[in-house]
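Asks: The opening residue of the sequence shown carries number 1 in the numbering used here; numbering runs sequentially from there.
In this text, a Cβ means the ideal position worked out from N, Cα and C, and glycines have one as well.
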Amino acid sequence: MRDLTDLQKALATGAAITVFSVLATFVPVYIWLQIDPVIDRPSIYAACILLPALISPACSFFILRERMRVERLARENHRLANTDELTGLPNRRAFFVAAGGLQAAAQEAGLVFVCAIADIDNFKRVNDDFGHETGDKVLTSVGGILRAATPKSGVIARLGGEEFAMAAAFADEAAAKDGCEALVSAVRRETSLAGEPPLGVTISLGYSLAGAGDTMSALLSRADHALYRAKHAGKNCALDAQQFSPLHGASVVRLARV
């Protein structure tokens, strides 16, 4: 599709330059002929048309090549500005833009909008015991798992360090709860590091359901507090921001540990 678009741009640019070149040459020569009519008109007219027509394709090529180079640089700069280099996921900037659009669409459609923050459990131990290269592989692996487990209409991003964020719309609160549990379960099920004993990689997750007038910052702040409580609840769990800390008697969505 992009190749077809580039070809259309090339043809349009070439045609425009050719027409402009012919007119730019033909008009002054025509005026000249009105002043000095002894010149061979047919030859001059032919030259006014043929010479620009022959030169214009080369000019078009160089102009179009430069234009495409600038567009490629713009696309690459946009990608670098909005993508986490290690995991290939959207970064914080891109997350806020995408999540804001999802929230507006969810409100218009009457769906439940949820924001979640997930953090890899014991990630310092991974770096200390296995090295930072392995730590980077874990980040990449977890990012891929979260991407696959996130609803197609949602967005998953790496906020920084070992922290990820998810935003999506669900049919109801139960579906939102199940969706957040699925993220935790997917990482626990699919990620582990060889060792004695093997180290299972898990995440803790806090999530917040959007209410009327909630901003993205407010949702993420509540999700972050829920994440903090999930860590203190024993990790490897998903906790709703509306729940109280388990230390104060509320229930937590717990997943079996391996």
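(1) Compute the beta-carbon to beta-carbon distance between M68 and A118, rounded to the nearest angstrom, for a pair I have assumed lies under 8 Å.
(2) Across the region 82-91 and the region 171-180, are there enough close Cβ pairs to call them in contact, namely three or more that are closer than 8 Å?
(3) Less than 8 Å between the beta carbons of G206 and D178, yes or no?
(4) Measure the C-alpha to C-alpha separation of E190 and Y228 and round it to an integer number of angstroms.
(5) L200 to E181, Cα distance in whole Å?
(6) Pick helix, strand or coil for V201, following the three-state DSSP scheme.
(7) Compare the C-beta of A157 against all C-beta atoms of chain B and say whether one is closer than 8 Å.
(8) Quick check on S204: buried or exposed, where buried means 16 or more other Cβ atoms within 10 Å of its Cβ?
(9) Output yes or no for whether 8 Å exceeds the beta carbon distance between A226 and L239.
(10) With H, G and I counted as helix, E and B as strand and the rest as coil, what does DSSP make of A165?
(11) Residue range of the alpha helix (DSSP H) that L220 falls in?
(12) Could you have a look at D121 and say whether DSSP puts it in helix, strand or coil?
(13) Between the alpha carbons of A241 and T134, how many angstroms are there, rounded?
(14) Between the beta-carbon of A149 and the beta-carbon of A99, is there less than 8 Å?
(15) Alpha carbon to alpha carbon, how far is K137 from G143? Give it in angstroms, no decimals.
(16) Closest by CA to F96, which one among N236, C237, A233 and T215?
(17) For F123 versus E162, is the C-beta spacing smaller than 8 Å?
(18) Ignoring anything shorter than 3 residues, give me the beta strand (DSSP E) runs that lie fully in the region 66-140, in order along the chain.
(19) Could you give the distance in angstroms between the alpha-carbon of V19 and the alpha-carbon of P42?
(20) Note down the Cα distance separating A94 from R75, rounded to an integer number of angstroms.
(21) Just verifying my parser: in three-state terms, what is the DSSP assignment at A264?
(22) Can you give me the C-alpha to C-alpha distance between C59 and G88, rounded to a whole angstrom?
(23) Would you call the CB atoms of V266 and L111 closer than 8 Å?
(24) Rounded to a whole number of angstroms, what is the C-alpha to C-alpha distance between N236 and L64?
(25) Less than 8 Å separating the beta-carbons of R147 and N91?
Replies: Inspection of the coordinates gives the following:
(1) That pair is no contact at about 40 Å.
(2) Contact between the region 82-91 and the region 171-180 is not established, with fewer than three Cβ pairs separated by less than 8 Å.
(3) Against a cut-off of 8 Å, the Cβ pair of D178 and G206 comes out as no contact.
(4) Roughly 24 Å between the two C-alpha positions.
(5) In the sequence as presented, Leu is not what sits at residue 200; that position holds Gly. If you draw a straight line from the Cα of G200 to the Cα of E181, it is about 17 Å long.
(6) Note: V201 maps to coil in three-state DSSP.
(7) Annotation note: the requested chain B is absent from the structure, which comprises a single protein chain.
(8) By the 16-neighbour rule on beta-carbons within 10 angstroms, S204 is buried.
(9) Going by C-beta atoms, A226 is nearer than 8 Å to L239.
(10) Collapsing the DSSP output to three states places A165 in a strand.
(11) First-last of the alpha helix (DSSP H) with L220: M216 to H232.
(12) Coil, per DSSP.
(13) The C-alpha of A241 lies about 32 Å from the C-alpha of T134.
(14) Result no, Cβ atoms of A149 and A99 do not sit closer than 8 Å.
(15) Each residue's alpha carbon lies about 10 Å from the other.
(16) Closest option to F96, Cα to Cα, is T215.
(17) In this structure, F123 sits near E162, with a CB-CB distance shorter than 8 Å.
(18) Counting only runs that start and end inside the region 66-140, the beta strand (DSSP E) elements of at least 3 residues fall at 112-120.
(19) V19 and P42 have their C-alpha atoms some 19 Å from each other.
(20) Between the alpha carbons of A94 and R75 lies a distance of about 14 Å.
(21) The question about residue 264 has no answer, for the chain in this structure spans 1 to 258.
(22) In a straight line, the C-alpha of C59 is about 38 Å away from that of G88.
(23) Since the first residue of the chain shown is 1 and the last is 258, residue 266 is not available in this structure.
(24) Each residue's alpha carbon lies about 54 Å from the other.
(25) Their beta carbons are not under 8 Å apart, which means R147 does not touch N91 by this criterion.
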